[in-house]
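Residues in the sequence shown are numbered from 693 upward in steps of one, following this note's numbering. Ideal Cβ placement from N, Cα and C applies to all residues, glycine included. Every value quoted in this text rests on a predicted model; they were computed, and no experiment measured them. Worksheet: the structure to be examined is printed underneath.
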Amino acid sequence: MDVAIIFESMTGTTERAAFLIADELFRRGIASRVFPTNAVDADYVAGADLVIIGTWVDGLIALGQRPGRKGKLVALPRLDGKPTAVFCTYAVNPGKVLQKMERLVGELGGTSLGGMAFHRKRLDPAVRDFTGRVIAARAEATASA
Ligand SMILES: Cc1cc2nc3c(=O)[nH]c(=O)nc-3n(C[C@H](O)[C@H](O)[C@H](O)COP(=O)(O)O)c2cc1C
């Protein structure tokens with residue numbers, strides 16, 4: 693199985709989360725590649741069995757939260773029929789950023805497997821939990837397809 697992990701990061705936290713997910717996949721014997729939104733290998737994404745997209749929470753702390761640099765996410769390669777999971781990193785309150793990202797995945801043609809918000813100071817256990825859930829959701833989606 694090949695997994696494409698795509699991240700948008702301003703100060704490095706979401707990038708760190710993306711690489712922690714790759715580490716966790718590797719630990720489980722699953723190959724992945726990690727791309728910043730401005731250097732995505734569209735061919736790798738087209739051939740991937742699973743796509744994971746992460747960004748940071750932008751907003752007024754507990755109001756008006758939106759995916760950070762949403763414009764970069766909207767411009768990602770098409771995800772037609774791809775099982776896709778999302779994550780975000782936040783400081784205080786992620787609001788409805790995951791739902792907004794899931795909507796975006798749908799607009800790109802992907803099949804949403806759900807997502808998780810990671811507090812920026814507590815990435816590690818959350819990443820392990822998220823990765824396990826995503827692998828299970830992808831297996832379930834494949835079995836019922
Ligand atoms: C301009 C700006 C706005 C932010 N707005 C919010 C917010 O509304 N709610 C929140 O919980 N965190 C907010 N944050 C915190 C970031 O989402 C958090 O630190 C995130 O982990 C940063 O990820 P990055 O290091 O990948 O850029 C904001 C950060 C910035 C720079």
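Am I right that V726 and T776 are in contact with their C-beta atoms under 8 Å? What's the rounded C-beta distance? So it is not a contact: roughly 15 Å between Cβ atoms.
Per DSSP, L742 is paired with what? Beta-bridge pairing links L742 to V695.
Quick check on the burial criterion: 16 or more other C-beta atoms within 10 angstroms. Buried or exposed for E836? This sequence places Ser at residue 836; Glu is not what is there. By the neighbour-count rule (16 or more Cβ atoms within 10 Å), S836 is not buried but exposed.
Would you mind reading off the limits of the alpha helix (DSSP H) that contains A831? Taken as a continuous stretch (DSSP letters only), the alpha helix (DSSP H) holding A831 covers L815 to S836.
Below 7 Å, is the gap between the Cβ of G760 and the nearest heavy atom of ligand 1? Yes, since a heavy atom of ligand 1 falls inside the 7 Å radius drawn around the Cβ of G760.
Starting from L752, trace the beta strand (DSSP E) both ways and give me its first and last residue. DSSP places L752 outside any beta strand (DSSP E), giving it a letter other than H or E.
If you follow the alpha helix (DSSP H) that T705 is part of, which residue opens it and which one closes it? Run containing T705: T705 to R719, per the alpha helix (DSSP H) assignment.
Could you spell out where the alpha helix (DSSP H) holding M808 opens and where it closes? It is not in any alpha helix (DSSP H) - M808 instead sits in the beta strand (DSSP E) that spans T803 to H811.
Just to confirm the assignment, what range does the beta strand (DSSP E) spanning V797 have? Per DSSP, V797 is not a residue of any beta strand (DSSP E); the alpha helix (DSSP H) it occupies stretches across V789 to E799.
Quick check: what's the CA-CA separation for I697 versus R720? The alpha-carbon atoms of I697 and R720 are separated by roughly 16 Å.
Take every Cβ of the region 784-793, pair it with every Cβ of the region 804-814, and state whether three or more of those distances are shorter than 8 Å. Result yes; three or more Cβ-Cβ pairs closer than 8 Å.
Answer yes or no: do G751 and R758 have a C-beta to C-beta separation smaller than 8 Å? In this structure, the beta-carbon distance from G751 to R758 falls below 8 Å.
Got a sec: does ligand 1 put a non-hydrogen atom nearer than 7 Å to the Cβ of M702? Taken from the Cβ of M702, at least one heavy atom of ligand 1 lies inside 7 Å.
Proximity below 8 Å, CB of T706 to CB of T781: Taking 8 Å as the Cβ cut-off, T706 and T781 qualify as a contacting pair.
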